[in-house]
Amino acid sequence: ATPLYLDCDTGIDDALALAYLLASPEVHVAGIGTVSGNVSAAVAAENTQALLALAGREEIPVAVGSTDPLRGTFAGGSPDVHGQNGLGGVSLEPATARPDPRDAVDLLIDLARQYPGELRILAIGPLTNLAQAIEREPELPALVRDVVVMGGAVLAPGNVSAVAEANIANDPEAAAAVLSADWDVMLVPLDVTMEHTLDELGRRRLLEAPEAISRAVGESLEAYLDRYLQVYGYRACALHDPLAAALLVGTVQPTRAPRVPVVVDHSDGPGRGQTIADMRGQRRGPVDVPGARCQVVLETDLQVGPVLLDRLAG
Ligand code: BDR
Ligand code: CA
4 ATPLYLDCDT GIDDALALAY LLASPEVHVA GIGTVSGNVS AAVAAENTQA LLALAGREEI
64 PVAVGSTDPL RGTFAGGSPD VHGQNGLGGV SLEPATARPD PRDAVDLLID LARQYPGELR
124 ILAIGPLTNL AQAIEREPEL PALVRDVVVM GGAVLAPGNV SAVAEANIAN DPEAAAAVLS
184 ADWDVMLVPL DVTMEHTLDE LGRRRLLEAP EAISRAVGES LEAYLDRYLQ VYGYRACALH
244 DPLAAALLVG TVQPTRAPRV PVVVDHSDGP GRGQTIADMR GQRRGPVDVP GARCQVVLET
304 DLQVGPVLLD RLAG
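full-length UniProt numbering puts the first residue of the sequence shown at 4, with every later residue one more than the last.
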């Protein structure tokens, strides 16, 4: 199985992605780092470890990452979307395992050295830890196989401003560094994640699943579905992070994913946090410009909802 480092801000859809990864024999979750986003990095680690305990996978190291973005301070997360505790108010039994003594940045660097050329990274929160890791170990991009990032809005509207998506908006400086580094990035933006949803029927299947972690995520989805109803007018939630996970695992394949230069606006203007993809030409092969090794997923062969439910709810 392919070694994987997961960087997350757990988070309801992060929890679903985690449950899915644990149920995927194609990957071996070698370590998890947390970052502030939906909740603080510390709370994200508590949530992650509680979920791992439910899955009987407490041996997976979980390291707490940066609380603050590269510039400024953590703004307090999104309790309106993910609940105060990040899991829609569902309280899980706290894990007995302690967080790894390393910070998330050192955990990532250690894993990249342990699995040179093999380690894959899945980033489903703000990109602070990844940017700091490149800074601390400039060889990192050469050591890892590739990076899959849930983030951005390329042609679609943003979800925290007219143009910015939450993971990028929470740390645009970090996103700029990660998307311009010398490695292969697959960007999974709102353009495609908003097209992949789960509704109450799907939630009920999770509630009846054999695995405790699937049932817990099913419970936490209640508040998330309510939030979507409130904001978008339909009670079905987007599967942002699970789609990125399934694209990494390969159970869902991109069918339209141009390789185009992407830059991140990290100015202080109204565009802050925007992912600007140069779609002119939509070149498919590698091109020789900064940021060009970024593949932007716009369409996929399958809906991730049924793929997830197959693995999590039998
Ligand atoms: C992203 O932001 C977070 O709220 C979700 O977990 C997802 O990673 C969607 O914009
Ligand atoms: Ca997330």
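Heads up, the beta-carbon is just placed ideally off N, CA and C, and yes, glycines get one too. Predicted model only: the values in this text are computed from it and were never measured.
Check this for me: beta carbons of residue i and residue j, under 8 Å apart or not?
{"i": "A178", "j": "I171", "result": "yes"}
{"i": "S69", "j": "V38", "result": "yes"}
{"i": "R60", "j": "L25", "result": "yes"}
{"i": "S223", "j": "V93", "result": "yes"}
{"i": "A107", "j": "G36", "result": "yes"}
{"i": "V310", "j": "A249", "result": "yes"}
{"i": "L125", "j": "V151", "result": "yes"}
{"i": "V65", "j": "P102", "result": "yes"}
{"i": "I127", "j": "C11", "result": "yes"}
{"i": "P245", "j": "D16", "result": "yes"}
{"i": "A18", "j": "A56", "result": "no"}
{"i": "L242", "j": "V300", "result": "no"}
{"i": "P6", "j": "E121", "result": "yes"}
{"i": "A316", "j": "R230", "result": "no"}
{"i": "A184", "j": "V147", "result": "no"}
{"i": "T303", "j": "T258", "result": "yes"}
{"i": "L201", "j": "A239", "result": "yes"}
{"i": "L232", "j": "R206", "result": "no"}
{"i": "M197", "j": "A159", "result": "yes"}
{"i": "L143", "j": "A134", "result": "no"}
Please classify residue i: does DSSP put it in a helix, a strand, or coil?
{"i": "Q87", "result": "coil"}
{"i": "Y237", "result": "coil"}
{"i": "T13", "result": "coil"}
{"i": "L110", "result": "helix"}
{"i": "D244", "result": "helix"}
{"i": "E302", "result": "strand"}
{"i": "R230", "result": "helix"}
{"i": "R314", "result": "helix"}
{"i": "A280", "result": "strand"}
{"i": "residue 1", "result": "An answer regarding residue 1 cannot be provided, because it is not within the stretch 4 to 317 covered by the chain."}
{"i": "Y23", "result": "helix"}
{"i": "A4", "result": "coil"}
{"i": "R116", "result": "helix"}
{"i": "R139", "result": "helix"}
{"i": "T254", "result": "coil"}
{"i": "V220", "result": "helix"}
Identify which residue in the options has its Cα closest to the Cα of residue i.
{"i": "V84", "options": "H31, T13, D149 and V147", "result": "T13"}
{"i": "C297", "options": "N88, V266 and R275", "result": "V266"}
{"i": "P264", "options": "V166, M189 and V46", "result": "M189"}
{"i": "D268", "options": "D187, L210 and A167", "result": "A167"}
{"i": "A33", "options": "L110, G86 and C240", "result": "L110"}
{"i": "G89", "options": "V157, N162 and E225", "result": "E225"}
{"i": "F77", "options": "L95, Y227, A47 and S43", "result": "S43"}
{"i": "G276", "options": "Q87, A165, E198 and L232", "result": "A165"}
{"i": "M153", "options": "S270, T278, L54 and G272", "result": "T278"}
{"i": "D281", "options": "D271, S270, A260 and G272", "result": "A260"}
{"i": "residue 336", "options": "G86, A45 and V191", "result": "The structure shown does not extend to residue 336, since the chain is modelled only from 4 to 317, so the question has no answer here."}
Would you grab the beta carbon distance between residue i and residue j for me? Rounded to a whole angstrom, and I think it's under 8 Å.
{"i": "P97", "j": "E62", "result": "Incorrect: roughly 17 Å between the Cβ atoms, too far for contact."}
{"i": "L73", "j": "E176", "result": "4 Å"}
{"i": "A4", "j": "H31", "result": "4 Å"}
{"i": "L130", "j": "D174", "result": "6 Å"}
{"i": "A22", "j": "V157", "result": "In fact, because the Cβ distance is near 28 Å, the residues do not count as touching under 8 Å."}
Establish whether the CB of residue i and some CB of chain B are separated by less than 8 Å.
{"i": "T278", "result": "You won't find chain B in this structure, because it holds only one protein chain."}
Quick one: is the Cβ of residue i within less than 7 Å of any heavy atom of ligand 4?
{"i": "A239", "result": "Absence of ligand 4 is noted for the structure shown, with ligand 1 and ligand 2 being the only ligands found."}
Problem set entry | Whole runs of the beta strand (DSSP E) within the region 26-75, excluding any shorter than 3 residues | DSSP assignment within the region 26-75 yields the following whole beta strand (DSSP E) runs of 3 residues or more, N-terminal first: 30-37 and 65-67.
For this session: Go through the region 155-218 residue by residue and report every complete run of the beta strand (DSSP E) that reaches 3 residues or more, in order.
Result: 188-191 and 200-202
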